[in-house]
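Going by mature numbering (1 follows the signal peptide of the UniProt record, and there is no 0), the letters in the sequence shown line up with residues -20 to -1, 1 to 257, in that order.
Notes follow the structure.
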Amino acid sequence: MKVLSFLPLLLFAFHFGVHSQDFQGEATYFSKTTVDMDLDGRQIPEDRKKQIMERIKQANERTNILTFDKSTSIYKEEERLEQPGSGRGGMRFGMMGGAGGDYYKDVKEGRYLVKNELLGKVFLVEDELPKLEWKLGGETKQIGNYMAYKATALKTIKRPNMRAAFRRGNDNTENKEEAFLEKEVEVVAWYTLDIPVNQGPGEYWGLPGLILEVSDDVTITLCTKIVLNPTERKEIKAPTGGKKVTQEEYDKISKEKMSEMRDNFRRGNGNRGGRRQ
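Quick look at the structure:
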């Protein structure tokens, strides 16, 4: 009875901490993206094909840290040592796989900023936060120490067409619009009411609690660690520097660059691992 009597006090203390003025949390997420790429028909040795696929796999497995308070957050990739021999190729594949930079959200103001590097040039994307029409379900599951609730939403995504990028052909046989694909997919999220903040990894937000897991048709992101009110607090501030553009402008630039890379690869540059000047 004595142990149980402390429970309401602990819950009160926790929720008081979340709603206090100086509340801050830190969540670590691991994400993995499946890349559909076709190297068949290319004049590439088998060992080289395996090397390319392994580099793509490494570039599309990431660990990010979300530092958040009641209304703002910053989502940063955890620094890691480059794999031997990865060179610039790993960064290139990461960009093609949809890699992003520091992602800042202000849910109170409804805006975000993200700093991206695209083929050596830095861009600062600033726009309104995307709003998903979440449908809250009754399904639950345990994620770590937290009870998580399921929510779903439909989302229109644009991503590079990797199969087209590495398929043999020439500019006359393939349409340049094929460099990017656009389609509607279902997003599945799991959030916890135990941490009642309107935050989540990357662009995701808008649920009654912290998003612990989210997946679309090719990427799954899972929270692996949470620290509430850490001893060492971090400053949550929007990224700066780079050319300022809207999301629409950045998407247009990305499409153009992706088409250029695809065309260069088809001319034979891709076989040399990007060393040709």
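All residues carry an ideal CB built from backbone N, CA and C; glycine is no exception.
Check: Is the distance from the Cβ of residue 51 to the Cβ of residue 111 below 7 Å?; Outcome: no
Check: What does a CB cutoff of less than 6 Å around residue 136 pick up in its chain, not counting 5 residues either side in sequence?; Outcome: 164
Check: To the nearest angstrom, report how far apart residue 117 and residue 235 are at their CA atoms.; Outcome: 36 Å
Check: Is the CB-CB distance between residue 84 and residue 219 below 7 Å?; Outcome: yes
Check: Does DSSP put residue 73 in a helix, a strand or coil?; Outcome: Reliability fails at residue 73, whose pLDDT of 38 lies under 50, so the model's placement of it is uncertain and no value is given.
Check: Roughly how many whole angstroms lie between the Cα atoms of residue 223 and residue 102?; Outcome: 6 Å
Check: Might you give, ordered along the chain, the residues of its own chain that have their beta carbon closer than 6 Å to the beta carbon of residue 44, omitting 5 neighbours on each side?; Outcome: 9, 55, 57
Check: Expressed to the nearest angstrom, what Euclidean distance is found between the alpha-carbon atoms of residue 139 and residue 227?; Outcome: 13 Å
Check: Can the beta-carbon of residue 133 be found less than 7 Å from the beta-carbon of residue 167?; Outcome: yes
Check: What would DSSP say about residue 122, mapped onto helix, strand or coil?; Outcome: strand
Check: Tell me residue 93's beta-bridge partners as DSSP assigns them.; Outcome: 84, 106
Check: Between which two residues does the beta strand (DSSP E) holding residue 194 run?; Outcome: 190 to 195
Check: Three-state secondary structure (DSSP) at residue 41?; Outcome: strand
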